[in-house]
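A.B. asks:
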Ligand SMILES: [Zn+2]
């Protein structure tokens, strides 16, 4: 039995990036786009090219480097915007121009100061122009859920006739209720001529915490594309959360018998990478990818989990890429375990980079005992950005606990201990016995000793 395929349209880099504190530079966007490609999203909305030169460049470089996913550029419904979006998409293997225009009376009257007639004309003309450049054109009637339904049907019909291939129905202000949103999609399917030739899309905001519920209601009513963002980031309270949409369908195919192309084991690494780049952490109780999403604290729950994980787990942590929590990274962890965790977090390194990360990791582990993913990601960020190591002297403003420049060595050592490979430590040892002090020079690279100690 073939399940309908749902197109996952990721807008982390456009709508998501518009959320406070989430702006990213071109390099960061490109890195995240590559991760979204690994995750298997169908469409990446890479930016709003006319908004800034940075946005233009980001769309351009993502379009040039990713061949599989469709790359979309956003444009207001006017020639200048559409042309600029098309220019940014020149290198794309599969370009899409995404045109939007508000259609609700409140937006027409107070924001755009145009009549419905003018709105209808502008929508039709801008889509016609986009279509003359690009075969794949999406149109969004902004604030669709507060638009007069008869007028919305009129606009949607006009843009389909003008060549739109996807029609997106945004709940721009997060006002809709699931049943209502589903009914709106149904109404459009019943009343609009030609709608069966295009893909209907959802774009729901989370102002009432209903973005995911509304999107799923839209899918049940016939939408076949969902616009969403990693970690649910987006304007104000955010967008529909990509990971929640995907896993709701995967865990409950009895209610949502639909397929996506998402490689769910990349959900957690994608979430972590976004949090790392934006430095906006994920709330601990966030569904699917929050720190506590698979934590079992209560005794009765732990007891059940030990007897059979199905007692309290509806999906496994591994299925969404959450590393095995019982694998603790500490100073005795080898280079292999570290490399594996880096990989699970979406980072692959060459040997030299891994060497540097490992050096810093061991110093950190010595100090804080248990290295959490957040620590590791911060450390990776420093190495990748070429920051000068300051781990030994403590890092102001960072979450690592402060440490002294020297650490007590817990067993008897002598100044010549380094001569014996079995007892060697990647450190300059001073003092002769008991509570000797150890300081760790970063610039000193004792290769043979380290090969042994940094081990496998
Ligand atoms: Zn939005």
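Numbering (our numbering), first residue to last: 24 to 479.
C-beta atoms are modelled at their ideal positions from N, C-alpha and C, and glycine is treated no differently.
Within a Cβ cutoff of 7 Å, which residues of the same chain sit near residue 168, ignoring the five residues on either side of it in sequence?
C.D. replies: Excluding sequence neighbours, residue 168 sits near 194, 198, 199, 204 and 207.
A.B. asks: Which residue or residues does DSSP assign as beta-bridge partners of residue 226?
C.D. replies: Residue 226 is bridged to 193 and 250.
A.B. asks: With C-beta atoms as the reference, is residue 227 less than 8 Å away from residue 216?
C.D. replies: No. Outside cutoff.
A.B. asks: So does the stretch 263 to 279 actually touch the stretch 42 to 52, counting three or more Cβ pairs closer than 8 Å?
C.D. replies: Short answer: they don't touch.
A.B. asks: Report the rounded CA-to-CA distance for residue 338 versus residue 356, giving the unit in angstroms.
C.D. replies: Between residue 338 and residue 356, the C-alpha separation is close to 28 Å.
A.B. asks: Quick test of the definition: if touching needs 3 or more C-beta pairs under 8 Å, does the stretch 155 to 167 touch the stretch 129 to 147?
C.D. replies: Result yes; three or more Cβ-Cβ pairs closer than 8 Å.
A.B. asks: Bridge partners for residue 97 per DSSP, in chain order?
C.D. replies: 121, per the DSSP bridge assignment.
A.B. asks: Can you tell me whether residue 29 is buried or exposed? The criterion is at least 16 other CB atoms within 10 Å of its CB, across all chains shown.
C.D. replies: When all chains shown are included, residue 29 counts as buried.
A.B. asks: Report the CB separation of residue 256 from residue 42 in whole angstroms; it is logged as a contact under 8 Å.
C.D. replies: Confirmed, Cβ separation roughly 5 Å.
A.B. asks: Taking Cβ positions, are residue 97 and residue 68 nearer each other than 8 Å?
C.D. replies: Yes; because the gap between Cβ atoms is below 8 Å, this pair is in contact.
A.B. asks: Just the Cα atoms here: how many angstroms apart are residue 369 and residue 54?
C.D. replies: Between residue 369 and residue 54, the C-alpha separation is close to 10 Å.
A.B. asks: Which first and last residues belong to the alpha helix (DSSP H) in which residue 386 is found?
C.D. replies: From DSSP, the alpha helix (DSSP H) with residue 386 extends over 374 to 391.
A.B. asks: Alpha carbon to alpha carbon, what distance is there between residue 383 and residue 405?
C.D. replies: The alpha-carbon atoms of residue 405 and residue 383 are separated by roughly 10 Å.
A.B. asks: Does ligand 1 have a heavy atom nearer than 7 Å to the CB of residue 262?
C.D. replies: Yes, the Cβ of residue 262 comes within 7 Å of a heavy atom of ligand 1.
A.B. asks: Ligand 1 and residue 203: does the residue's C-beta get closer than 7 Å to at least one heavy atom of that ligand?
C.D. replies: No, the Cβ of residue 203 stays beyond 7 Å of every heavy atom of ligand 1.
A.B. asks: Taking the beta strand (DSSP E) that residue 70 belongs to, which residues open and close that run?
C.D. replies: 66 to 70 is the span of the beta strand (DSSP E), which, as asked, contains residue 70.
A.B. asks: Identify, in the order they occur along the chain, each residue of the same chain with its Cβ nearer than 7 Å to the Cβ of residue 104, setting aside the five sequence neighbours on each side.
C.D. replies: Correct list, in chain order: 73 and 98.
A.B. asks: Could you tell me the distance, in whole angstroms, from the CA atom of residue 153 to the CA atom of residue 107?
C.D. replies: Residue 153 and residue 107: Cα-Cα distance of roughly 11 Å.
A.B. asks: If the criterion is Cβ atoms closer than 8 Å, does the pair residue 253 and residue 211 meet it?
C.D. replies: Cβ atoms of residue 253 and residue 211: not closer than 8 Å.
A.B. asks: Given residue 92, which residues of its chain have a CB within under 8 Å of its CB, disregarding the five upstream and five downstream residues?
C.D. replies: Contacts found: 59, 60, 64, 65, 66, 67 and 117.
A.B. asks: Taking residue 287 as the reference, which of 327, 341, 250 and 258 has the closest Cα?
C.D. replies: It is 341.
A.B. asks: Ligand 1 and residue 193: does the residue's C-beta get closer than 7 Å to at least one heavy atom of that ligand?
C.D. replies: Yes, Cβ of residue 193 sits closer than 7 Å to a heavy atom of ligand 1.
A.B. asks: When you measure from the CB of residue 258 to every non-hydrogen atom of ligand 3, does any distance come out below 7 Å?
C.D. replies: As far as ligands go, the structure on display features ligand 1 and does not contain ligand 3.
A.B. asks: In terms of alpha-carbon separation, which member of 343, 142 and 190 lies closest to residue 174?
C.D. replies: That would be 142, whose Cα lies nearest to the Cα of residue 174.
A.B. asks: Thinking C-beta only, is residue 192 closer than 8 Å to residue 218?
C.D. replies: It is not a contact, given that the beta carbons lie outside the stated cut-off.
A.B. asks: Under a Cβ-count criterion, where at least 16 other Cβ atoms within 10 Å of its own Cβ denotes burial, should residue 275 be classed as buried or exposed?
C.D. replies: The residue in question, residue 275, is exposed, as its Cβ has fewer than 16 Cβ neighbours within 10 Å.
A.B. asks: Could you name the residues of the same chain whose beta carbon sits closer than 7 Å to that of residue 90, not counting the 5 residues immediately before and after it, in chain order?
C.D. replies: Hits under 7 Å: 116.
A.B. asks: Just the C-alpha distance for residue 249 and residue 299, rounded to the nearest angstrom, thanks.
C.D. replies: Rounded to whole angstroms, residue 249 to residue 299 spans 25 Å at the Cα level.
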